[in-house]
Amino acid sequence: MAQPPRIAGPVAQPRRPRIAPPPGAVDSHAHLFGPEARFPYAEGRGYTPPDAPLESYLALLDQLGLARGVLVQGNAHGFDNAVLLDALERAPDRLRAVAITDTRIPAATLRGWHRLGMRGLRFHEHAAEAKPGYVRGVGLEALPHFRAVMRDLGWVVQVFCDHRRLPAIAEDLAAISAEMPVVIDHMLTVPAARGIADPGFQALLRLVGEGKAHVKLSGAYRLSKDFPDYRDARPFHDALLAANPNALLWGTDWPHTSIDAAVMPDDGALLDLFMDWTPRAEDRVRVLVENPDRLFR
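The letter at position 36 of the sequence shown is residue 36 when you use the UniProt record's numbering, and the numbering goes up by one with no holes.
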């Protein structure tokens, strides 16, 4: 049987940011992978990452001057969140996490995860014309199974959403936001060439402006082909910041899955980019400290 393709790993020695982040700053989106000998990768995955273990991630936080991080289950580990639970047990003062799971998991298990520091579940919404040919999470159709316990625990509903899909589910997300926070990944990953007039991005701006969705100002390199400065992604960042800085988070997206080694972003450069694109000190504090504190406690 053909093995899933091996992908490149992150920059081994990212540079220190030019401007130190504010005290208490949070990386709100990163993944852990392996070590494979202890945390095997899932059958049916779409890629095989090099190991990106907890020790490497904590070293990255230190290098960037970040106090804490929010880990998000990576698809290479499927529905087995053991790598996250282990990290939460080992670094409880620095980490929170968001899981991916299916409806076989009972409410009692989620409550146990909460005590360790789990703070949400991630769902994937794919456009009909772009569904992956491998197992990649569950859609929002699984949310009713979890909704009551997530509401009781104050968890976030995190959504990796295709920009073409958002207009059709925007009202559903607004309704969910009345019960628990909704967080959209990576500025909706709209191809930068489409511009901010893209219908999906405009639907996102309305949700953000009305306080019905939070967005991660992460993955500029996933929108852009303009390595390493991603200038064509800046209008998306600027529009979201103008819409509602109280609804924004920032994350490295380390270790940058499925990015070619030739255009692998430097995490220090990504933090510099955020600081350059977010010039007001009060906005930096909101995005890096106050908003993640509120959502992930």
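By construction, the Cβ of each residue, glycine as well, lies at the ideal position given by its N, Cα and C atoms.
From a predicted model like this one, the values you see are computed outputs, not experimental measurements.
Check                                                                                                                                                             : Outcome
Could you tell me the alpha carbon to alpha carbon distance between Ala-197 and Ala-243, rounded to whole angstroms?                                              : 14 angstroms
Cα-Cα, which of Leu-270, Arg-286, Val-149 is closest to Arg-15?                                                                                                   : Leu-270
My assumption, with CB atoms under 8 angstroms, is that Lys-216 sits in contact with Val-183. Please give the rounded CB distance.                                : 7 angstroms
With a floor of 3 residues, list each beta strand (DSSP E) that falls wholly inside the segment 71 to 132, ordered by position along the chain.                   : 95 to 99, 118 to 125
May I ask you to report which of helix, strand or coil DSSP gives Leu-32?                                                                                         : coil
Between Ala-281 and chain D, is any beta-carbon pair separated by less than 9 angstroms?                                                                          : Although the question refers to chain D, the structure presented lacks it and comprises just one protein chain.
What residues match up with Gln-158 in a beta bridge as DSSP calls it?                                                                                            : Arg-122, Val-183
His-31 and Asp-253 - do their beta-carbons sit closer together than 9 angstroms?                                                                                  : yes
Contact check, Ser-218 vs His-256 under 8 angstroms by CB: the rounded distance?                                                                                  : 10 angstroms between Cβ atoms; not a contact.
Kindly indicate which three-state DSSP category Leu-66 falls into: helix, strand or coil?                                                                         : coil
Kindly give me the distance between the Cβ atoms of Leu-223 and Val-190, rounded to whole angstroms, as I take these residues to be in contact under 8 angstroms. : 6 angstroms
From what residue to what residue does the alpha helix (DSSP H) around His-256 run?                                                                               : First-last for His-256: undefined, no H or E at that position.
Taking the alpha helix (DSSP H) that His-145 belongs to, which residues open and close that run?                                                                  : 143 to 153
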